[in-house]
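Worksheet for the structure shown next.
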Amino acid sequence: MRRLSVSTRSERGASAVLFALLLVPLLGFGGIAVDVGALYAEKAELQNGADAAALQIALACGKSETSPACLSGSPAAVAGQNDSNDGIAVIDQLSRNMSTNLVKVRTKTEDLGVRHPLASMIPGVGDATVVHADGAAEWGVPVAGTTIPLAIAECELTGRLASLDQANPSRFLLRSDTNAPCPSGPSGGFGWLADSDCSVTLGDNFVVQGTTGNNTGGTGCSSQQLDLLGKTVLVPLYDLFQAQGNAGSYTISRFASFYITGTKFGGNGTERYLGGAPLQPTFSGNARGLQGYFVRYVTMSEAYTLGNGPDYGSAIVRLTLRTS
Numbered sequence: 033m034r035r036l037s038v039s040t041r042s043e044r045g046a047s048a049v050l051f052a053l054l055l056v057p058l059l060g061f062g063g064i065a066v067d068v069g070a071l072y073a074e075k076a077e078l079q080n081g082a083d084a085a086a087l088q089i090a091l092a093c094g095k096s097e098t099s100p101a102c103l104s105g106s107p108a109a110v111a112g113q114n115d116s117n118d119g120i121a122v123i124d125q126l127s128r129n130m131s132t133n134l135v136k137v138r139t140k141t142e143d144l145g146v147r148h149p150l151a152s153m154i155p156g157v158g159d160a161t162v163v164h165a166d167g168a169a170e171w172g173v174p175v176a177g178t179t180i181p182l183a184i185a186e187c188e189l190t191g192r193l194a195s196l197d198q199a200n201p202s203r204f205l206l207r208s209d210t211n212a213p214c215p216s217g218p219s220g221g222f223g224w225l226a227d228s229d230c231s232v233t234l235g236d237n238f239v240v241q242g243t244t245g246n247n248t249g250g251t252g253c254s255s256q257q258l259d260l261l262g263k264t265v266l267v268p269l270y271d272l273f274q275a276q277g278n279a280g281s282y283t284i285s286r287f288a289s290f291y292i293t294g295t296k297f298g299g300n301g302t303e304r305y306l307g308g309a310p311l312q313p314t315f316s317g318n319a320r321g322l323q324g325y326f327v328r329y330v331t332m333s334e335a336y337t338l339g340n341g342p343d344y345g346s347a348i349v350r351l352t353l354r355t356s
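First residue of the sequence shown? That's 33 in my numbering, and the numbers climb one at a time after it.
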C-alpha cells in the first residue's frame, strides 16, 4: 500500500500570524479590563469629592446665606480629601444659585488626566483621559415632614428670634400651669399632637388634633422616646389653637429647632435637668413642661420637604439631582 504524506512546511509561521491578528483585540480587552476599571475607580472618587464639596457649601449657606463661607468659600480641600489622594483632583466648576438654594460642583482630574497605557495601544485612543464628576446639594426651610408629636406656640419663638445667634441664650420654661404669651392657645405655650407611634407627619398650615401640654397620654410615646435631654429637636410651631374641652386642634405654621435642657412630664419628682443640676428657671408644683431654648440648627435629612418661608433658624441640607 502506498503511504500518504502531507507536507506541513506551508503552515510554518501560521501561529505567529494568528497571534499578530489577535494582538490588537487582546490589547483592547486588556485596556477595558484594567484601564477602564481604573477610570471608573477615579470617577467614583471624584464623585465623593464633588458631593462632599457641594455639601460643605450648602451647609454654610444653610447656616447663613450672607456668610463668607457661603458666598465665597472654596471647597477645594474637601474635594481633595475625598478623592484618591493621588494629587490629580481639582475643582473644575463651582456655582451657587441663591434664589433656588442650589450649589453645583464639578471635579476633574488635572489636565494630565488618568493614564491608561494598555488602552492607548489601540489606534485613535490617547494615553490619558481627563475624568469629571458632578455633585449638587440644596438647602432650605423645612415646611413639611415627620417629627415627634410636640408642638410649640409660634409666638414663643418670635419673641426670642434675637437669641438664635447668641453664644449662651437664656433658658426658659414652657410650663403647663402658666399663660402663654400668645393671643390664644393652651396654657404653657406648648401641646402634644395626637398620634399612636410617637411621630406625626405634618405640613405647612396643617390642622391636627392634639391635647394640652399637661397631658402626654395621647402621643403614644414611651418614656424612652421622651428622653429628650440634651437633644435638639425639630418641632412644629402652631399659630392657632382651637380648644375642644381639654384638647383641641393645632394649625401648624412652620418648624423650628428647640434645644432641651429640662423636662417634667409627670408630677413632683419627675423633673430632670441636663447634667443633673436644677438650672434656673426650675419647675414647681404639678406643672409639666420643657426647659430649653430655640437654636439655629442645620441638619442633613431626607425626612422633610423644603420650601420658602421666614427664617426661624432651621435648615435642611441634602444632596440633590436638581440642575437649576
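Glycine included, each C-beta is placed from N, C-alpha and C at the ideal position.
So, with DSSP's three-state summary, where would you put residue i?
i: residue 305; result: strand
i: residue 190; result: helix
i: residue 344; result: coil
i: residue 277; result: coil
i: residue 173; result: strand
i: residue 51; result: helix
i: residue 116; result: Below a pLDDT of 50, predicted positions are generally treated as unreliable, and residue 116, at 49, falls in that range; no measurement from the model is reported.
i: residue 358; result: This structure gives no information on residue 358, because the portion of the chain shown stretches from 33 to 356.
i: residue 16; result: Since the first residue shown for the chain is 33 and the last is 356, residue 16 is missing from the structure and cannot be characterised.
i: residue 229; result: coil
i: residue 297; result: coil
i: residue 75; result: helix
i: residue 380; result: This structure cannot speak to residue 380, because the chain is shown only from 33 to 356.
i: residue 70; result: helix
i: residue 317; result: coil
i: residue 101; result: helix
i: residue 196; result: helix
i: residue 268; result: strand
i: residue 95; result: helix
i: residue 245; result: coil
i: residue 88; result: helix
i: residue 183; result: strand
i: residue 220; result: helix
i: residue 33; result: Because the pLDDT at residue 33 is just 49, under 50, the model does not fix this residue reliably, and the value given afterwards should be weighed accordingly. Correct three-state label for residue 33: coil.
i: residue 58; result: helix
i: residue 335; result: coil
Do residue i and residue j have their CB atoms nearer than 9 Å?
i: residue 88; j: residue 107; result: yes
i: residue 331; j: residue 292; result: no
i: residue 136; j: residue 168; result: yes
i: residue 230; j: residue 245; result: no
i: residue 280; j: residue 174; result: no
i: residue 353; j: residue 83; result: no
i: residue 122; j: residue 71; result: no
i: residue 347; j: residue 95; result: yes
i: residue 102; j: residue 128; result: yes
i: residue 210; j: residue 266; result: no
Identify, in the order they occur along the chain, each residue of the same chain with its Cβ nearer than 7 Å to the Cβ of residue i, setting aside the five sequence neighbours on each side.
i: residue 345; result: 196, 288, 289, 326, 327, 328 and 329
i: residue 97; result: 130
i: residue 75; result: 163 and 165
i: residue 33; result: At residue 33 the pLDDT is 49, less than 50, meaning the model places this residue with poor confidence and gives no usable figure here.
i: residue 302; result: 296
i: residue 260; result: 292 and 295
For residue i, which residues of its own chain have a beta-carbon under 6 Å away from its beta-carbon, when the five flanking residues on both sides are left out?
i: residue 284; result: 234, 238, 268 and 270
i: residue 256; result: none
i: residue 262; result: 306
i: residue 171; result: 90, 93, 94, 133, 347 and 349
i: residue 232; result: 181 and 225
Under 8 Å Cβ to Cβ from residue i, same chain only, skipping five residues before and after it: list those, please.
i: residue 311; result: 203, 293, 294, 305 and 323
i: residue 201; result: 192, 195, 325, 326 and 327
i: residue 236; result: 175, 176, 284, 285, 286, 339 and 341
i: residue 254; result: 230
What is the rounded straight-line gap between the Cα of residue i and the Cα of residue j?
i: residue 258; j: residue 320; result: 13 Å
i: residue 165; j: residue 105; result: 20 Å
i: residue 80; j: residue 355; result: 18 Å
i: residue 51; j: residue 65; result: 20 Å
i: residue 220; j: residue 86; result: 42 Å
i: residue 207; j: residue 189; result: 15 Å
i: residue 198; j: residue 343; result: 16 Å
i: residue 241; j: residue 272; result: 12 Å
i: residue 187; j: residue 205; result: 14 Å
i: residue 47; j: residue 142; result: 43 Å
i: residue 297; j: residue 243; result: 14 Å
i: residue 282; j: residue 299; result: 25 Å
i: residue 54; j: residue 69; result: 22 Å
i: residue 247; j: residue 278; result: 9 Å
i: residue 176; j: residue 57; result: 57 Å
i: residue 100; j: residue 73; result: 34 Å
Does the region 314-322 come close enough to the region 332-342 to have 3 or more Cβ pairs within less than 8 Å? Taking 8 Å as the limit for Cβ pairs, the verdict is that the region 332-342 does not touch the region 314-322.
Cβ pair count under 8 Å reaching 3, the region 175-188 against the region 220-230: Yes, the region 175-188 is in contact with the region 220-230.
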